[in-house]
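One rule links them: number in this note's numbering = place in the sequence shown (from 1) + 13.
Ideal Cβ positions, reconstructed from N, Cα and C, are used throughout, including at glycine.
Accompanying notes for the structure given below.
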Amino acid sequence: MPRASTDASAALLFLLTGFLSLQPLSTDLYLASLPALREHFAGSVSSVQLTLSAFLAGFALSQLIAGPLSDRFGRRPVAIGGCVLYVGASLAGVVAPSLAVLIGARVLQAIAVCCTVVCARAIVRDLYEAEAGARVLARALTWMGIVPIAGPVAGGLLQAGLGWRANFAALTLLGAILLAAALRTLPETNRHLDASATDLRALARNYARIAASRRFWSYALPVTGSYSALFCFISGASFVLIEIFGIPPQRFGFAYALVTVGYLLGTMALRSVLGRLGLVGSVRAGATVALASGAAMAALALAGVRTLPAVMVPMFLAVTAHGFIQPACQIGAIDPFPRQAGAAAALMGFTMLAVAAAAGWAVGAMHDGSTRPLALGVAVCGAFCALSAWGLLRREPRTAVEAAGAQGHR
């Protein structure tokens with residue numbers, strides 16, 4: 014059920030999907046290039062993986078600023094500013110002469126992406142009630158599910174044909190397209206501009222209020238676990254698939270895409286059952302799948318089963334679980350804070366990405382030429398997801414919105 018009298022236009026929904034897509038594209042498009050980056054810059058696995066972990070760390074920290082900025086000045090100026098910065102940072106990646114410069118460009122990319130992602134989440138919160146918002150976000154994320162499928166495929170082909178710099182050139186072009194679209198179609202949806210949102214004392218009070226909410230953490234922590242499991246795969250996939258299993262870069266994207274199809278299926282499945290299960294039931298169901306898939310992957314790796322299906326099948330299920338959990342958790346965590354939606358989205362994103370960056374770094378640091386570090390990382394993150402979902406979430410009386418969602422569910 015929309016908060017406003019009319020639904021967001023299809024053009025706006027496509028634009029929000031584009032904003033949300035910047036985050037996975039900024040990582041997935043160049044995954045096949047990580048071994049080439051190590052060779053080009055003569056770096057170690059862990060140093061090259063810093064281009065991923067630094068991106069997530071920069072994204073996490075900058076959300077704490079971008080969210081309040083969107084609460085004070087509005088979603089439109091912050092999102093457009095993010096698009097401008099993204100174009101410049103991606104160009105810096107194209108011409109980077111050293112790994113240090115590339116890592117710096119990745120941090121700037123992260124700051125830019127966080128502006129668009131925080132605003133996209135907050136715009137959905139501005140326009141829709143909780144259950145309807147979860148359904149709209151799931152629709153956007155379903156469309157976005159094409160990105161982690163097509164991104165690695167395109168990146169692998171670009172790497173094979175033109176080299177790693179071509180991937181950053183493609184990101185520059187994408188940023189320019191989104192900037193033009195935002196200038197033309199993005200409305201201002203924040204009807205509660207808060208002049209005190211960026212005041213340090215008020216900001217501390219806002220974050221303290223959000224951080225004191227059990228409901229916030231009961232949704233933020235499960236999706237933190239499921240996303241961290243996914244990021245373990247993102248950070249380790251190219252080295253596992255290309256170096257351990259011998260998949261060439263131009264085919265890496267197709268193998269990676271087989272796993273990420275699960276994300277698309279997860280978001281589609283959530284739209285099917287959300288009206289019946291509600292937010293709590295949906296998150297618990299997805300968390301159970303995350304736990305089981307991580308445990309299976311770790312058991313196979315520790316037993317010495319070194320085959321491609323032993324990695325890909327459990328990972329497919331773990332990614333499906335994340336696609337199922339993510340929209341419900343994003344809406345559930347933000348909905349109680351209509352006047353601090355940007356700050357709530359920022360704190361949730363900070364938590365997700367800070368933990369995921371640490372998990373990805375740990376997988377890289379433990380790299381030993383086997384699948385064990387990846388499998389153990391996915392298992393630990395899946396267990397964290399399940400423990401937080403079943404330990405913190407509490408069922409509440411069914412709301413009128415949930416009832417309408419169950420009756421009007423398509």
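| said: Spatial neighbours of residue 206 within its chain, please: C-beta separation below 8 angstroms, excluding the five flanking residues on both sides. | reply: Locating residue 206 in the sequence shown gives position 193, where the first residue counts as 1. Spatial neighbours of residue 206 in its own chain (CB-CB distance under 8 angstroms, excluding positions within 5 residues in sequence) are listed in chain order as 84, 85, 86, 87.
| Backbone secondary structure at residue 320 - three-state DSSP | Against the sequence shown, residue 320 aligns to sequence position 307. Secondary structure at residue 320: coil, using DSSP grouped into helix, strand and coil.
| query | For residue 131, which option in 378, 79, 122, 114 has the closest C-alpha, if you only look at C-alpha atoms? | reply | Position 118 of the sequence shown, counting from 1, holds the residue named residue 131. The residue among 378, 79, 122, 114 with its C-alpha nearest the C-alpha of residue 131 is 79.
| request: Identify which residue in 119, 313, 379 has its Cα closest to the Cα of residue 57. | output: Reading the sequence shown from its first residue, position 44 is the one you call residue 57. For the residues 119, 313, 379, the minimum Cα distance to residue 57 belongs to 379.
| task | With a floor of 4 residues, list each alpha helix (DSSP H) that falls wholly inside the segment 345-393, ordered by position along the chain. | result | If we require 4 residues or more, the alpha helix (DSSP H) runs fully inside the segment 345-393 come out as 354-378.
| Going straight from the alpha carbon of residue 306 to that of residue 243, what length do you get? | Your numbering for residue 306 matches position 293 in the sequence shown. Your numbering for residue 243 matches position 230 in the sequence shown. Approximately 12 angstroms, taken between the alpha carbons.
| Can you list, in chain order, the residues of its chain whose CB lies under 6 angstroms from that of residue 112, leaving out five sequence neighbours each side? | Here residue 112 refers to the residue found at position 99 when the sequence shown is read from its first residue. The residues 54, 56, in chain order, have a CB closer than 6 angstroms to that of residue 112 in the same chain once the five nearest residues on each side in sequence are set aside.
| message | Quick check: the Cα distance between residue 220 and residue 211, rounded to an integer number of angstroms? | response | The residue labelled residue 220 in the question sits at position 207 within the sequence shown. The residue labelled residue 211 in the question sits at position 198 within the sequence shown. When rounded, the distance between both Cα atoms is 11 angstroms.
| request: Assign residue 108 to one of two classes, buried (16 or more other C-beta atoms within 10 Å of its C-beta) or exposed (fewer than that). | output: On the sequence shown, position 95 is the one that residue 108 refers to. By the 16-neighbour rule on beta-carbons within 10 angstroms, residue 108 is exposed.
| said: Does residue 87 come out as helix, strand or coil in the three-state DSSP assignment? | reply: Counting from one through the sequence shown, the residue named residue 87 turns up at place 74. The three-state reading of DSSP puts residue 87 in coil, since its state is none of H, G, I, E or B.
| message | Among the candidates 62, 280, 297, whose CA atom is the shortest distance from the CA of residue 407? | response | Stepping through the sequence shown from its first residue, residue 407 is reached at position 394. Ranking 62, 280, 297 by Cα distance to residue 407 puts 297 first.
| Taking only runs of the alpha helix (DSSP H) that begin and end inside the segment 212-293, which ones reach a length of at least 4 residues, in chain order? | If only uninterrupted alpha helix (DSSP H) runs of at least 4 residues are considered, those enclosed by the segment 212-293 are 213-224, 227-251.
| query | Which residues bound the alpha helix (DSSP H) around residue 187? | reply | Start at 1 with the first residue of the sequence shown, and residue 187 comes out as number 174. For residue 187, the enclosing alpha helix (DSSP H) covers residues 178-198.
| C-beta atoms of residue 11 and residue 363 nearer than 8 angstroms | Given a span of 14 to 423 for the chain in the structure shown, any question on residue 11 remains unanswerable.
| task | Identify whether residue 401 lies in helix, strand or coil by the three-state DSSP scheme. | result | For this step, residue 401 is matched to residue 388 along the sequence shown. Residue 401 falls in the helix class under three-state DSSP.
| said: Using 8 angstroms for Cβ pairs, my map puts residue 92 next to residue 195. What's the rounded Cβ distance? | reply: Indexing the sequence shown from 1 puts residue 92 at position 79. Indexing the sequence shown from 1 puts residue 195 at position 182. Confirmed, Cβ separation roughly 6 angstroms.
| task | Check each candidate in 63, 119, 192 and name the one with the smallest Cα separation from residue 75. | result | The residue labelled residue 75 in the question sits at position 62 within the sequence shown. In this structure, 119 is the residue among 63, 119, 192 with its C-alpha nearest to the C-alpha of residue 75.
| Are residue 402 and residue 300 closer than 8 angstroms when you measure CB to CB? | Position 389 of the sequence shown, counting from 1, holds the residue named residue 402. Position 287 of the sequence shown, counting from 1, holds the residue named residue 300. Yes, the pair counts as a contact, with Cβ atoms nearer than the cut-off.
| Roughly how many angstroms lie between the CA atoms of residue 360 and residue 77, to the nearest whole one? | Within the sequence shown, numbered from 1, the residue matching residue 360 stands at position 347. Within the sequence shown, numbered from 1, the residue matching residue 77 stands at position 64. Distance between the alpha carbons of residue 360 and residue 77: 6 angstroms.
| request: Please work out which residues of its chain come closer than 6 angstroms, Cβ to Cβ, to residue 35, disregarding the five sequence neighbours upstream and downstream, and give them in chain order. | output: What you label residue 35 is simply residue 22 of the sequence shown in a count that begins at 1. Excluding positions up to five away in sequence, the list reads 126, 129.
| Expressed to the nearest angstrom, what Euclidean distance is found between the alpha-carbon atoms of residue 59 and residue 377? | Counting from 1 along the sequence shown, the entry for residue 59 is found at position 46. Counting from 1 along the sequence shown, the entry for residue 377 is found at position 364. The alpha-carbon atoms of residue 59 and residue 377 are separated by roughly 5 angstroms.
| From which residue to which residue does the alpha helix (DSSP H) around residue 117 run? | Locating residue 117 in the sequence shown gives position 104, where the first residue counts as 1. First-last of the alpha helix (DSSP H) with residue 117: 112-140.
| Residues near residue 51 in its chain [Cβ-Cβ closer than 6 angstroms; skip 5 each side] | As a first step, residue 51 must be located in the sequence shown, where it is residue number 38. Excluding five sequence positions before and after residue 51, the CB atoms of its chain that fall closer than 6 angstroms to its own CB belong to 61, given in chain order.
| field | Span of the alpha helix (DSSP H) around residue 29 | value | For the purposes of this step, residue 29 is taken as residue 16 along the sequence shown, with counting starting at 1. Taken as a continuous stretch (DSSP letters only), the alpha helix (DSSP H) holding residue 29 covers 23-41.
| Beta-carbon contacts of residue 366 that lie in its chain and below 6 angstroms, excluding the five residues immediately before and after | Taking the sequence shown and counting its residues from 1, the one referred to as residue 366 is at position 353. Around residue 366: 69, 72, 73.
| request: Drop a sphere of 10 angstroms on the beta-carbon of residue 81, count the other beta-carbons inside from all chains shown, and report buried for 16 or more, exposed for fewer. | output: Within the sequence shown, the letter at position 68 stands for residue 81. Looking at its Cβ environment, which holds 16 or more other Cβ atoms inside 10 Å, residue 81 is buried.
| query | Rounded to a whole number of angstroms, what is the C-alpha to C-alpha distance between residue 331 and residue 225? | reply | On the sequence shown, residue 331 is found 318 positions in, with the first residue counted as 1. On the sequence shown, residue 225 is found 212 positions in, with the first residue counted as 1. Cα to Cα, residue 331 sits roughly 29 angstroms from residue 225.
| message | Please state the DSSP three-state secondary structure of residue 201. | response | Numbered from 1 along the sequence shown, position 188 holds the residue referred to as residue 201. Correct three-state label for residue 201: coil.
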